[in-house]
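Residue numbering for the sequence shown follows my numbering, beginning at 43 and increasing consecutively. Note that the Cβ used here is the ideal one computed from N, Cα and C, for glycine as well. Everything below concerns the one structure shown next.
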Amino acid sequence: MSLEQKNYVRKYKRKKVIVFSIQVLLVLIFLGLWEYLSDRKIINAFIFSAPSKIVKVIMELYVKDNLFQHIWVTLKEVLISFGLGFVLSMILAIIFYSFDMVYKIFDPFITMLNSLPKVAIGPLILIWCGANIKSVIIMALLINLIVSVITIYTGFRKVSSNHLLLFKSFGASKIKTLWYLVIPSSINSIISSLKLNISMSFIGVIMGEFLVSKEGVGYLIIYGTQVFNLDLVLAGVLILVVLSYVLYKPISLIEKYKGVRD
43 MSLEQKNYVR
53 KYKRKKVIVF
63 SIQVLLVLIF
73 LGLWEYLSDR
83 KIINAFIFSA
93 PSKIVKVIME
103 LYVKDNLFQH
113 IWVTLKEVLI
123 SFGLGFVLSM
133 ILAIIFYSFD
143 MVYKIFDPFI
153 TMLNSLPKVA
163 IGPLILIWCG
173 ANIKSVIIMA
183 LLINLIVSVI
193 TIYTGFRKVS
203 SNHLLLFKSF
213 GASKIKTLWY
223 LVIPSSINSI
233 ISSLKLNISM
243 SFIGVIMGEF
253 LVSKEGVGYL
263 IIYGTQVFNL
273 DLVLAGVLIL
283 VVLSYVLYKP
293 ISLIEKYKGV
303 RD
């Protein structure tokens with residue numbers, strides 16, 4: 043490694059440390075200010091809670107209630123809906139790309155489904171499927187599937203026409219062109235769909251748990267709202283933030299590994 047490369051690596055690592063340190067400092071300042079304002083009664087602690095109260099609620103959930111069971115239920119529902127959503131969106135995007143007539147037939151229906159407020163059909167899903175995990179996963183799929191299909195399909199359509207003509211001139215079949223050119227060239231869009239998918243899966247799962255679940259982090263939040271326990275609500279929100287970060291981070295690492303980050 044040359045001297046210039048070593049200096050670049052050193053500067054890059056120093057920059058990462060500085061950025062992370064500033065991020066941590068901002069969080070600590072925010073939490074400290076929040077705690078101070080609540081303790082001094084400048085803001086209403088009953089409505090806005092305080093970091094110390096939220097931590098206390100989480101510890102009580104851990105000791106008295108089955109906190110990890112609630113976390114596991116939500117995590118399981120998110121992972122199932124995320125996995126199904128990604129697999130189905132890849133299959134549908136490949137079908138739409140390979141058969142243009144099929145896409146033209148279903149395009150208006152996709153647009154309508156995408157614009158439909160999913161929470162409006164939540165009660166119907168509850169009636170059709172019952173108050174169980176199936177309803178929660180279907181709700182999550184309704185939210186994450188269409189967006190993922192559109193994102194991946196758009197990436198497929200952006201593949202260079204010159205590259206497509208080159209593959210065609212060498213006699214490559216549609217399957218080989220798709221496997222060796224279209225999908226690798228669309229890796230940015232696929233990773234973007236993964237990032238969208240995990241976020242949408244969380245939204246769908248929490249919406250589903252609001253409606254039907256008796257377990258899960260979404261249930262804790264809606265229960266806290268019903269009994270006006272804002273400490274419990276914010277504790278649930280904090281748990282969701284941590285879970286979403288934990289699941290989002292591997293996708294970010296994949297993006298970095300593949301070298302698609304700008």
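In this structure, GLY246 is the residue among GLY278, LEU79, PHE72, GLY246 with its C-alpha nearest to the C-alpha of ILE175. The count of Cβ pairs closer than 8 Å, one atom from the segment 242-262 and one from the segment 181-190, reaches three, so the stretches are in contact. Shown here, LYS256 sits in coil according to DSSP, grouped into three states, outside any helix or strand. Taken through DSSP and simplified to helix, strand or coil, PRO165 comes out as helix.
The segment 251-258 and the segment 190-204 do not touch, with fewer than 3 CB-CB distances between them shorter than 8 Å.
Taken atom to atom, the span from the alpha-carbon of LYS55 to that of LEU285 is near 27 Å.
Contact between the segment 232-239 and the segment 186-194 is present, with at least three C-beta pairs closer than 8 Å. ALA173 sits exposed, since fewer than 16 C-beta atoms from the chains shown fall within 10 Å of its C-beta.
LYS106 is classed as exposed because its beta carbon has fewer than 16 other beta carbons within 10 Å across all chains shown. For the pair VAL144 and ILE137, the CB atoms are nearer than the 8 Å cut-off. For a cut-off of 8 Å, the C-beta gap from LEU109 to LEU103 is around 4 Å, short enough to register as a contact.
The beta carbon of ILE296 lies closer than 7 Å to those of ILE233 in the same chain, with the five residues before and after it left out. Counting along the chain, TYR104 sits inside the alpha helix (DSSP H) bounded by residues 93-106. TYR145: member of the alpha helix (DSSP H) spanning 142-157, first to last residue. The segment 263-273 and the segment 199-213 do not touch, with fewer than 3 CB-CB distances between them shorter than 8 Å. Sequence-distant Cβ neighbours of VAL259 in its own chain, meaning closer than 6 Å and more than five residues away, are HIS112, THR116, GLY278, ILE281, LEU282. Assignment of PHE244 by DSSP, reduced to helix, strand and coil, places it in the helix class. A distance below 8 Å separates the beta carbons of SER94 and GLU77. By the neighbour-count criterion, in which a residue is buried when 16 or more other Cβ atoms sit within 10 angstroms of its Cβ, TYR50 is exposed. With fewer than 16 other Cβ atoms from the protein chains shown falling within 10 Å of its own Cβ, LEU166 counts as exposed. Of the residues ILE169, SER63, ILE188, the one whose Cα lies closest to the Cα of LEU158 is ILE188. Leaving aside the five residues that flank MET154 on each side, none in its chain has a CB nearer than 8 Å to its CB. Per the coordinates, the alpha-carbon of ILE122 lies some 10 Å from the alpha-carbon of PHE128.
Within the same chain, TYR145, TYR195, PHE198, ARG199, LEU220, VAL224 come within 8 Å of TYR139 by CB-CB distance, once the 5 residues on both sides are set aside. For ASN186, the enclosing alpha helix (DSSP H) starts and ends at 175-199.
Residue environment: PHE212 is assigned as exposed (fewer than 16 neighbouring CB atoms within 10 Å of its CB, all protein chains considered).
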